[in-house]
Structures are given as structure tokens and as C-alpha cells.
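Notes to accompany the following structure.
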Amino acid sequence: MARQSDPATPDPARLDAADPLARFRGRFALPDGVIYLDGNSLGALPRATAARVARVVEEEWGRDLIGGWTRHGWIDLPLRLGDKVARLIGAAPGEVAVADSTSVNLFKLLAGALRLRPGRRVILSERDNFPTDLYIAEGLAALLGGGHAVRLVETDEIAGAIDGETAVVLLTHVNYRTGRMHDMAALTRAAHEAGALMLWDLAHSAGALPVALGACDADLAVGCGYKYLNGGPGAPAFLYVARRLQEGFRSPLAGWLGHAAPFAFETGYRPGGGIARALAGTPPILSMAALEVGVDLALEADIGAVRAKSMALGELFRERVEAGCAGMGVTLASPRDPDQRGSQICFAHAEGYAVVQALIARGVIGDFRAPDIMRFGFAPLYLRYADVVQAAEALREVLATRAWDRPEFKTRAAVT
Ligand SMILES: *Cc1c(COP(=O)(O)O)cnc(C)c1O
Numbered sequence: 006m007a008r009q010s011d012p013a014t015p016d017p018a019r020l021d022a023a024d025p026l027a028r029f030r031g032r033f034a035l036p037d038g039v040i041y042l043d044g045n046s047l048g049a050l051p052r053a054t055a056a057r058v059a060r061v062v063e064e065e066w067g068r069d070l071i072g073g074w075t076r077h078g079w080i081d082l083p084l085r086l087g088d089k090v091a092r093l094i095g096a097a098p099g100e101v102a103v104a105d106s107t108s109v110n111l112f113k114l115l116a117g118a119l120r121l122r123p124g125r126r127v128i129l130s131e132r133d134n135f136p137t138d139l140y141i142a143e144g145l146a147a148l149l150g151g152g153h154a155v156r157l158v159e160t161d162e163i164a165g166a167i168d169g170e171t172a173v174v175l176l177t178h179v180n181y182r183t184g185r186m187h188d189m190a191a192l193t194r195a196a197h198e199a200g201a202l203m204l205w206d207l208a209h210s211a212g213a214l215p216v217a218l219g220a221c222d223a224d225l226a227v228g229c230g231y232k233y234l235n236g237g238p239g240a241p242a243f244l245y246v247a248r249r250l251q252e253g254f255r256s257p258l259a260g261w262l263g264h265a266a267p268f269a270f271e272t273g274y275r276p277g278g279g280i281a282r283a284l285a286g287t288p289p290i291l292s293m294a295a296l297e298v299g300v301d302l303a304l305e306a307d308i309g310a311v312r313a314k315s316m317a318l319g320e321l322f323r324e325r326v327e328a329g330c331a332g333m334g335v336t337l338a339s340p341r342d343p344d345q346r347g348s349q350i351c352f353a354h355a356e357g358y359a360v361v362q363a364l365i366a367r368g369v370i371g372d373f374r375a376p377d378i379m380r381f382g383f384a385p386l387y388l389r390y391a392d393v394v395q396a397a398e399a400l401r402e403v404l405a406t407r408a409w410d411r412p413e414f415k416t417r418a419a420v421t
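Numbering (our numbering), first residue to last: 6 to 421.
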């Protein structure tokens, strides 16, 4: 057994004691006995959320009724919260709105992108992109019916596949399955050199690592509120339209709250100014109040420290799993270089589903992505180094004892 003083096997307790983000763990309500490695799928509950939502329900809605829209600034919440999210993703005030779901925002921005590039009919993406991104693109192309097409290529072929037909390149910054991270600056440049627009999906980036949409000159982006932003199940998503494109941008969902004067109740649609034109309908205030708590927490943490800890947690987990589970049929399915990963590590195993279920039964919550990927996410605000070491040990034990080999661990649930 390696000595604790060996620099290759750092002592997790010492790492936790020296962790500049350690104080954030107490800001989350985590159940006892659980090691939560699924914050990349549904973030944990901030302690302040319940009271905040209760206050909005009881004091704002309950007492002020319709007056809440102005008295409590509900009507401004999509853009006010958008400005906060902008700080997390390297965007400027007025470039981000919080609204709808990621899927719906993808639809709005893809349609807007095609309109900004008339004559070009191709949405280019990668085969390995998250399915909803591809489904939405397909559905939009079919709806337009004008010879629009979704072209899918392999990951290493993307830059070379952008051409004069490409209206928009649609990519997820950090791959949902493998955690592999794209070079945002280089691919955005490649899209622009071919005259195409670049749309980034930040579902697995926002709140987990520094994103520099402005510095990369990105055109459009969407992202998720319930993953690393800890906004709660089904939290509203966000969208970004670079200021320089807003004047020409039109949403295909021309709802009244994207109108220049919603309360003038005009018969015809006139797009609102700036990012407001990307809004459609009435914002879900209770959900936005919950999301604001998560976004405020993310803003409180230094994102450089978040990224450094995320990489250290990932490396610690990878090292412990590769050392402890050698010869047990586990192979790394994420890039080995932490600079090329987001905040998750995946391992492939032929019985991955059952192994993950056996881990969950022991309180180590990861998830499974077909066909054989065991996915472990590292949310640096509430995970400790000791958790990661314990999780790797649990994985070793489950594999060594074949604890996964039970019928109840092999029956697939609706949500994996
Ligand atoms: C989680 C995720 C989504 C989620 O979309 P919803 O509309 O919120 O269901 C979209 N894209 C990617 C890449 C994701 O990881």
C-alpha cells in the first residue's frame, strides 16, 4: 500500500482542509450518507432555496398578488437573472436572458441563426452531441421544409466540415457522455472563417468552469439551470445572443413578452429591444427565484478555484479507480488530460448499468448513459476530496465482490 506521504497519493483529509471552496459545502442540503456524483445531471439543493421560494410564495404572491409583477420586479427577472448568468459565462450585460428550457431555447436560436444566414441551409453538428440538440435541429429543418438539412460529422471532422453551405455550427462545449471539452475559441474561429454562425450549448459548462463567450467571439449560446447552477428540477434555462447580432435576430416564437410593448396589446408583432426579443411568454417566477439562489452561490465562488478543484477531484478519482479496479473490465471513457475534460469522468464497463445501481444502493450516486458508460460528475462547491476517494473505493468493492450481479440492479428505470 502506498504511503500517505507519497505525493502521488495525496491525503484527502489534507486536501479538504486546504480547500478554498470547503465553506460552500455547508450551503447545500445534502442527505447524510450520500456521495453525490450526479450534480452534472441535477444539481444539489442550496439551503437558502426553500426559504427564498417560500418568501416569494407567501409574501410576494400571497400578499401582493398581481402587484408582484412590478413591486417585486418579477417582470424584469428574466433579464436581471440573465445579467447574473452572463457573468458566469463571459458575456456582457444585456446579452443573456433566462427563459424556457434548453430545448426550446435551442429551437429559438437555431431558427434565428438560419434567418441571419439566408441562402445557407445546413446546421452542422456532431454525431455524439446530446440527442435533444440534434432532435430540435432535425425538427426545425423539417418544419422549414426549404431544403434545410442537419449534417452530422465525427468529432475530429467538425472544423474541416464547415463550408459555404453551413449556416450555423451547433456544438455542446462539454460532451454529456464523455466529458470531452471542445476548444471554443478555435472552433468559433473556424465557423467564422467559413461565414457560419457558432451556437454553443453550455449545459455541462456553466457554473463548472470558466467560459469566455465574449472573448471567443461566440455568436449564440444556450445552457441549463438545473445542472451546475443548482436551480432545481426543470429550472429555467438561459440563452445568449451576442450584442452585435441582436438587431438582426428574430425569434420564431414571437410571443408577447418578446414584443417591444407587451402591454400596448398591439395587433401586430414588433420585436423588443436587445435580448428581450428572445423571450416568448410569462416567466415561471417561482422557478426563477429558486434558480437565482443557485446562480448567486455560483457567483460567490471564484470560478478559477472551481475549475482547479474540479480538475483535482477528477484526477484523484481517475487515479484511484485505475489503480484499484485494474483488471476488472473498467476503461476510461473520458480524455486522460484534465485540460480536455469538463467536470466529469466516465468509465465504460460491460455491466455499467448494474454497477451504477449497486453503487447507488451504497449511497454513491452516479449515473449511466447507454450503451456502457458509468458517469461521475464532480460539483466542486459541495464535493470533498474524501468523498471522491470513498466513491472510488466503493466502485472497487462493487466490482471485486460482484455486488452488481443481482436481478434488482439490472432492471432499467425510466430515468437512468
Ligand atoms: C441537460 C442537457 C440539455 C437539457 O435540455 P432540456 O430542454 O432542459 O431537457 C440539453 N442539452 C444538453 C447538452 C444537455 O446536457
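Backbone N, C-alpha and C define an ideal beta-carbon position, used for all residues, glycine too.
As the structure is a computational prediction, the values presented were derived from the model and not from experiment.
Inter-residue Cα distance where the pair is GLU327 and ALA22: The residue you call residue 327 lines up with position 322 of the sequence shown. The residue you call residue 22 lines up with position 17 of the sequence shown. Using only the alpha carbons, I get a separation of about 25 angstroms.
Classify ALA220: buried if its beta carbon has 16 or more other beta carbons within 10 angstroms, exposed otherwise. For this step, residue 220 is matched to residue 215 along the sequence shown. The residue in question, ALA220, is exposed, as its Cβ has fewer than 16 Cβ neighbours within 10 Å.
What span of residues does the alpha helix (DSSP H) with GLU2 cover, start to end? Only positions 6 to 421 of the chain appear in this structure, which leaves residue 2 out of reach.
Can you pull the DSSP bridge partners for TYR41? As a working note, residue 41 is residue 36 in the sequence shown. Answer is ILE370.
With a threshold of 6 angstroms, establish whether the CB of SER106 neighbours any heavy atom of ligand 1. Residue numbering aside, residue 106 sits at position 101 when the sequence shown is read from its first letter. Checking the Cβ of SER106 against ligand 1 gives yes.
Contact test: ASP43 Cβ vs ligand 1 heavy atom, cutoff 6 angstroms: As a first step, residue 43 is located in the sequence shown; it is residue number 38 there, counting from the start. ASP43 Cβ: outside cutoff for every heavy atom of ligand 1.
My output table needs one value for THR160: the three-state DSSP class, helix, strand or coil. Reading the sequence shown from its first residue, position 155 is the one you call residue 160. It is helical.
Per the contact definition of three or more C-beta pairs closer than 8 angstroms, is the region 205-212 in contact with the region 265-281? no
In or out: ASP344 buried (at least 16 other Cβ within 10 Å) or exposed? Numbered from its first residue, the sequence shown carries residue 344 at position 339. ASP344 is exposed by the Cβ-count criterion.
Exposure label - GLU356; buried when at least 16 CB within 10 Å: By 1-based counting over the sequence shown, the position of residue 356 is 351. Classification for GLU356: buried.
Among ASP138, ASN235, ARG132 and THR406, which has the Cα closest to the Cα of ALA55? As a first step, residue 55 is located in the sequence shown; it is residue number 50 there, counting from the start. Residue ASN235 is the option with its Cα nearest to ALA55.
Cβ atoms of ALA242 and GLY230: under 7 angstroms apart, would you say? As a first step, residue 230 is located in the sequence shown; it is residue number 225 there, counting from the start. As a first step, residue 242 is located in the sequence shown; it is residue number 237 there, counting from the start. Yes, the Cβ-Cβ distance between GLY230 and ALA242 is below 7 angstroms.
Would you say PHE487 and ILE350 are within 7 angstroms of each other, going by their C-beta atoms? The question about residue 487 has no answer here: the residues shown for the chain are numbered 6 through 421.
Throw me the rounded Cβ distance for the SER422 and LYS232 pair, which I believe falls under 8 angstroms. Coverage of the chain is limited to positions 6 through 421, which leaves residue 422 absent and any answer about it impossible.
Is the region 210-225 in contact with the region 183-196, if contact means three or more CB pairs nearer than 8 angstroms? yes
Below 8 angstroms on the Cβ atoms is my guess for VAL369 versus LEU42; work out the distance and round it to an integer in Å. As a working mapping, residue 369 is identified with position 364 in the sequence shown. As a working mapping, residue 42 is identified with position 37 in the sequence shown. About 7 angstroms; that satisfies the 8 angstroms criterion.
For ALA294 versus GLY277, is the C-beta spacing smaller than 7 angstroms? Numbered from 1 along the sequence shown, position 289 holds the residue referred to as residue 294. Numbered from 1 along the sequence shown, position 272 holds the residue referred to as residue 277. No, they are not a contact pair.
Taking only three categories from DSSP, how would you classify VAL62? Your numbering for residue 62 matches position 57 in the sequence shown. VAL62: helix per DSSP, three-state reduction.
Mapping the DSSP letters down to three states, classify TYR390 as helix, strand or coil. Taking the first residue of the sequence shown as position 1, residue 390 is located at position 385. Helix at TYR390.
Give a yes or no on whether the C-beta atoms belonging to GLY184 and ARG346 are separated by under 7 angstroms. Sequence index remark: in the sequence shown, residue 184 carries index 179 (1-based). Sequence index remark: in the sequence shown, residue 346 carries index 341 (1-based). For GLY184 and ARG346, yes; Cβs fall inside 7 angstroms.
Quick one, which of GLU305, VAL360 and ALA102 has its alpha-carbon nearest LEU86's? Here residue 86 refers to the residue found at position 81 when the sequence shown is read from its first residue. Minimum Cα distance to LEU86 is reached at ALA102.
Roughly how many angstroms separate the alpha carbons of PHE383 and LYS113, rounded to a whole number? The count along the sequence shown starts at 1 and reaches residue 383 at position 378. The count along the sequence shown starts at 1 and reaches residue 113 at position 108. C-alpha separation (whole angstroms): 31 angstroms.
Any idea if LEU404 is buried or exposed, counting beta-carbon neighbours within 10 angstroms, 16 or more meaning buried? In the sequence shown, the residue the question calls residue 404 occupies position 399. Burial call: buried.
Whole angstroms is fine: what's the gap from THR287's alpha carbon to TRP79's? Here residue 287 is taken as the residue at index 282 of the sequence shown, counted from 1. Here residue 79 is taken as the residue at index 74 of the sequence shown, counted from 1. Roughly 10 angstroms separates the two Cα atoms.
Can you tell me where the alpha helix (DSSP H) holding GLN251 begins and where it ends? In the sequence shown, residue 251 corresponds to position 246, counting from 1. 248-251 is the span of the alpha helix (DSSP H), which, as asked, contains GLN251.
Simplified DSSP state of MET379, which is helix, strand or coil: Here residue 379 is taken as the residue at index 374 of the sequence shown, counted from 1. Three-state DSSP puts MET379 in a strand.
Assuming ILE128 and VAL155 make a contact with CB atoms under 8 angstroms, what is their CB distance in whole Å? On the sequence shown, residue 128 is found 123 positions in, with the first residue counted as 1. On the sequence shown, residue 155 is found 150 positions in, with the first residue counted as 1. Right, the Cβ-Cβ distance comes to about 5 angstroms (below 8 angstroms), so this counts as a contact.
For TRP205, list the residues DSSP reports as bridge partners. Within the sequence shown, the letter at position 200 stands for residue 205. DSSP output for TRP205 lists LEU176 and ALA226 as bridge partner(s).
Under the DSSP definition of a beta bridge, which residues are partnered with LEU318? Position 313 of the sequence shown, counted from the start, is the residue given in the question as residue 318. Per DSSP, none; premise fails for LEU318.
Verify the contact flag: THR421, CB atom, against every heavy atom of ligand 1, threshold strictly below 6 angstroms. Counting from 1 along the sequence shown, the entry for residue 421 is found at position 416. Answer for THR421: no, Cβ out of range of ligand 1.
Within the present structure, is the beta-carbon of THR416 separated from the nearest heavy atom of ligand 1 by less than 6 angstroms? Residue mapping note: residue 416 aligns to position 411 of the sequence shown, counting from 1. Not so, every heavy atom of ligand 1 lies at least 6 angstroms from the Cβ.
Determine the extent of the beta strand (DSSP E) in which VAL101 is found, giving its start and end residues. Within the sequence shown, residue 101 is the residue found at index 96, counting from 1. 101-104 is the span of the beta strand (DSSP E), which, as asked, contains VAL101.
Can you find the residues in the same chain that come closer than 6 angstroms, C-beta to C-beta, to VAL311, ignoring five residues on each side of it along the sequence? Numbered from 1 along the sequence shown, position 306 holds the residue referred to as residue 311. Excluding residues within five positions, the ones whose Cβ falls inside 6 angstroms are PRO385.
Pick from VAL393, SER292 and LEU364 that is closest to ARG325, judged by C-alpha positions: Walking along the sequence shown from the start, residue 325 turns up at place 320. Closest option to ARG325, Cα to Cα, is VAL393.
For ARG30 and TYR390, which I take to be in contact (beta-carbon distance under 8 angstroms), what is that distance rounded to the nearest angstrom? Here residue 30 is taken as the residue at index 25 of the sequence shown, counted from 1. Here residue 390 is taken as the residue at index 385 of the sequence shown, counted from 1. Not quite, the Cβ-Cβ distance comes to about 11 angstroms (not below 8 angstroms), so this is no contact.
So is GLU65 buried or exposed if we call it buried at 16+ other beta carbons inside 10 Å? To locate residue 65, count along the sequence shown from 1; it is residue 60. Its Cβ being crowded by 16 or more others within 10 Å, GLU65 is buried.
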